[in-house]
Amino acid sequence: MAMARWLSALVLALILLITGCASPPPSPYEQVQQESTQRNAPAAVSRQATQGSELNRFFPPEGNGFERIFVQEKKGFAEAKLKKDGKELAMLAISDTISTPEAAAKFQSTTMQIAGYPAVEVGTTQTAILVANRYQVKVLSRDPSFTASDRKEWIEKFDLAGLAQLAP
Amino acid sequence: MSEPIYKIVDQLPTGGITVMALQSLDFILPGQWQNIVGFENTIRHVTGETDPALIRQIGDRAVRLFNDKSQGYQRALWLYQTVDNTDALLGAAALANKVGEKISFFGFLDKITPKPERAQSLDLSLKLIVEILAFCQINGIPGDSLSDFLRALADYSGESLMRMAALICFDGLIPLGPDFLLKCLGTLQSLQPNDLQENPTFKAISAVVPGGSPSGQLGFVIQSFNAVQGWMSQFVSSHELTPQKVINRLQSFIELSKDNLDYLGAFLDMSTNYYYHTGVQTLARRLIERAVAEI
Chain A
1 MAMARWLSAL
11 VLALILLITG
21 CASPPPSPYE
31 QVQQESTQRN
41 APAAVSRQAT
51 QGSELNRFFP
61 PEGNGFERIF
71 VQEKKGFAEA
81 KLKKDGKELA
91 MLAISDTIST
101 PEAAAKFQST
111 TMQIAGYPAV
121 EVGTTQTAIL
131 VANRYQVKVL
141 SRDPSFTASD
151 RKEWIEKFDL
161 AGLAQLAP
Chain B
1001 MSEPIYKIVD
1011 QLPTGGITVM
1021 ALQSLDFILP
1031 GQWQNIVGFE
1041 NTIRHVTGET
1051 DPALIRQIGD
1061 RAVRLFNDKS
1071 QGYQRALWLY
1081 QTVDNTDALL
1091 GAAALANKVG
1101 EKISFFGFLD
1111 KITPKPERAQ
1121 SLDLSLKLIV
1131 EILAFCQING
1141 IPGDSLSDFL
1151 RALADYSGES
1161 LMRMAALICF
1171 DGLIPLGPDF
1181 LLKCLGTLQS
1191 LQPNDLQENP
1201 TFKAISAVVP
1211 GGSPSGQLGF
1221 VIQSFNAVQG
1231 WMSQFVSSHE
1241 LTPQKVINRL
1251 QSFIELSKDN
1261 LDYLGAFLDM
1271 STNYYYHTGV
1281 QTLARRLIER
1291 AVAEI
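Just so you know, the sequences run in chain order A and B. Residue numbers for the first sequence, in this note's numbering: 1 to 168. Residue numbers for the second sequence, in this note's numbering: 1001 to 1295.
Below, the structure is given as structure tokens:
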């Protein structure tokens, strides 16, 4: 009896020791963290990427109660918020895939087209096209009322022909 | 090198004085701010996506963007850190140990001293400057004109709007009173460039404040304050804010007596880091919004 009690105390102590010492599981982002911080790590944004300020003018205009508020403008990227009656409906974005070749690669196997450009749906909230094999135009729903067909419609409102001419 | 962004967001607290103080301001902006913490949780919240593989892809891109120093995200983080670090007179850690459900105020009175009005005014102005600088580091100057930029500022919501509300309440109304904007402007106009250089927050961030010379930088501080004071005064009047209203809400978690209200501003300065907390949340949101649009 005394032995059993002694044993259970030991087991308990061991369990505590083991769980106490266990380090938290490694983050799934540790690898990308290491890759992107090591010496000579490739930059996240290519030097050849188009300036965000050059991308602004291809966004759809405001009107019919829709507000378009530019929120980010960085090298290789520009983004605006689409609002109506004060409600945030969607994000509109253009990015230069020169920094993200895998983003451009996802259009290779698609049969879907919008405005004559290869198109894909990503996840449940995003529709994207690739213009001139270089610029990704994406519309992302931020409200459930903004559906995939709304996204397609707003992609068509960008000045896609103008954007295509920007590609070198 | 900065800590990994996923760790920084994972480590944001779910409770404590900062979170309680921010929650006490919910009466101003009901439901505007939820304390979203955790990297993947923030990705789900911002994007509305739930597929783990997609979340991982968005997270990977966000980590890469944060680690590319040329993109300015690390500098924005440093700005938010700096502004909270330099105004904490005592280690918040010592206080944090004593935080329970309620904080009795009396125990700390011998350790804290209210700042003179002038220092407090300068503190408020510099926090505003940091907001503008960090906004530019995170977002660039979006659009093609100053009006695009001002629209983006006017469009503040969620944690960014809560940060501004806290700035107005904790660094304006409580330490300086209802006419804090006038007091602040008066202080700024009486300053000499070398007064600015003696301020610890300014000393820390002066390398990134535009203006060229110390007098040019003072000009920039005054100009920025002027640009945003109209918005702040409108915020105070439209929400009918008074120091008493804010104090009443704070009393739900801090035991205060009328005799020590003078110390409340100093206490909040010392024991909260609401700028850093909501700043990290803003930074993470913007990074994720960019990452999801780029992948």
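Just so you know, even glycine gets a beta-carbon here, dropped at the ideal spot from N, CA and C. Quick caveat, the model's predicted, so the values are computed rather than measured.
- Annotation for S36/A: the continuous alpha helix (DSSP H) segment containing it runs 30-37.
- Here I1168/B is not near L1264/B, since their CB atoms are 7 Å or more apart.
- The region 1060-1074 of chain B and the region 31-48 of chain A touch, with three or more beta-carbon pairs separated by less than 8 Å.
- The C-alpha of T1014/B lies about 9 Å from the C-alpha of M1020/B.
- Just measuring C-alpha positions, the residue of Y1275/B, E1040/B, V1130/B sitting nearest E1289/B is E1040/B.
- Scanning chain B for C-beta atoms nearer than 8 Å to the C-beta of P28/A yields R1056, G1059, reported in chain order.
- The region 133-151 of chain A makes contact with the region 82-90 of chain A, as at least three CB pairs between them are under 8 Å.
- In this structure, DSSP gives S1190/B a helical state, which the three-state scheme calls helix.
- Partner residues in a beta bridge of G1211/B, as assigned by DSSP, do not exist.
- I69/A sits in a strand when the DSSP states are folded into three classes.
- For V1228/B and F1180/B, the gap between their C-alpha atoms comes out near 14 Å.
- 7 Å or more divides the Cβ of L1054/B from the Cβ of G162/A.
- For P118/A, the enclosing beta strand (DSSP E) stretches over residues 117-122.
- Contact residues of the region 41-69 of chain A toward chain B are A41, A43, A44, V45, G52, S53, N56, R57, I69 (C-beta to C-beta distance below 8 Å).
- In the structure shown, D96/A falls within a strand segment according to DSSP collapsed to helix, strand and coil.
- According to DSSP, M91/A shares a beta bridge with K81/A, L140/A.
- In this structure, the alpha-carbon of L1012/B lies about 11 Å from that of N1273/B.
- Residues of the same chain with a CB within less than 8 Å of the CB of T1042/B, apart from the 5 flanking positions on each side, are V1009, I1036, Q1281, A1284, R1285, I1288 in chain order.
- Proximity of I1295/B to chain A, defined by a Cβ-Cβ separation below 7 Å, is satisfied.
- Taking a Cβ-Cβ cut-off of 7 Å, S1160/B has no neighbours in chain A, whose nearest Cβ is about 11 Å from it.
- For I1247/B, there is no enclosing beta strand (DSSP E); the enclosing alpha helix (DSSP H) has its first and last residue at 1243-1250.
- Looking at the DSSP output, Y135/A sits in a beta bridge with D96/A, V131/A.
- The beta carbon of R1044/B sits closer than 7 Å to the beta carbons of T1050, I1055 from its chain, once the five residues preceding and following it are set aside; these are given in chain order.
- Along the region 115-139 of chain A, going in chain order, the ones with a CB nearer than 9 Å to a CB of chain B are V122, G123, T124, T125, Q126, A128, Q136, K138.
- By alpha-carbon distance to Q165/A, the top candidate from V71/A, Y135/A, S99/A is Y135/A.
- Residue contact with chain B for K74/A: present (Cβ-Cβ distance below 7 Å to some residue of chain B).
- Proximity of T110/A to chain B, defined by a Cβ-Cβ separation below 7 Å, is not satisfied.
- Contact with chain A is absent for R1163/B, since none of that chain's Cβ atoms lies less than 7 Å from the residue's Cβ.
- The beta carbon of T50/A sits closer than 7 Å to the beta carbons of G76, D96, L166 from its chain, once the five residues preceding and following it are set aside; these are given in chain order.
- A buried status is given to N56/A, since no fewer than 16 other beta-carbon atoms sit within 10 Å of its beta-carbon.
- Rounded to whole angstroms, the gap between the alpha carbons of P1193/B and K1183/B is 18 Å.
- By the neighbour-count definition (other C-beta atoms within 10 Å, threshold 16), T1278/B is a buried residue.
- Identification of residues in the region 146-159 of chain A having a C-beta nearer than 9 Å to some C-beta of chain B yields an empty set.
- In the DSSP assignment, A43/A falls outside any alpha helix (DSSP H), carrying neither H nor E.
- A contact is defined here as three or more CB-CB pairs under 8 Å, and the region 1113-1132 of chain B meets this definition with respect to the region 1210-1224 of chain B.
- Per DSSP, reduced to three states, the secondary structure at E1049/B is coil, with no helix or strand assignment.
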